[in-house]
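Numbering follows our numbering, with no gaps: position 67 of the sequence shown is 81.
Glycine included, C-beta positions come from ideal geometry on N, C-alpha and C.
On a predicted model such as this, the values are computed, not experimentally measured, just so you know.
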Amino acid sequence: MRLGKRLLSAWAVGAALLLAAPTTAHAGTDENASVFGALVFFRHDGDSFRVCDTLDDAWNVYARCEYIRIDGSIQTGRHYVSSGRGTCKDFDHNFGEGRPVRFTACVQNWVLDYCQEPWSTAVA
């Protein structure tokens, strides 16, 4: 009977240690994209894009992004900054941890729409 109690106690202590053990940290990645006149930064801590206009040329700058949801569907988006040279704007998301996020930096005027190729990839 005593051996059974000791084994049960040892099992309970082992289970408690396993439950209290820290889990492996998620390793997201940050990434940047640029094209002449635009910079885009993705930061995995907060799942945010920062889109910056770097030229005084009256062109809009924007980020195009794609995120594959866990169900396989694709979420797409564009984040525009049209306030002029030296200005940046932040756009927050809530992507699933460990999921890839593809994005690119783009410039646009009344005639031309140009984006960086290849797209950058980060991990949320």
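- Its Cα nearest to that of H93, the residue Q122 stands out among T43, Q122, D85.
- In the structure shown, P132 falls within a coil segment according to DSSP collapsed to helix, strand and coil.
- When C-alpha distances from E111 are compared across A47, D61, W73, G51, the shortest belongs to D61.
- In this structure, C66 and C102 form a Cβ contact; the two beta carbons are roughly 4 Å apart against a cut-off of 8 Å.
- For the pair R113 and I82, the CB atoms are nearer than the 8 Å cut-off.
- The beta-carbon distance between F55 and C79, rounded to whole angstroms, is 12 Å. This is too long to meet the 8 Å contact definition.
- By the neighbour-count definition (other C-beta atoms within 10 Å, threshold 16), A47 is a buried residue.
- If only complete runs of 4 or more residues are kept, the segment 83-120 shows no alpha helix (DSSP H) anywhere.
- According to DSSP, V65 shares a beta bridge with V54, K103.
- Contact annotation: G42 and V137 have beta-carbon atoms nearer than 8 Å.
- In this structure, the CA atom of L53 is about 31 Å from the CA atom of D85.
- Excluding residues up to 5 positions away in sequence, F56, S134, T135, A136 lie with their Cβ nearer than 7 Å to the Cβ of E45 in the same chain.
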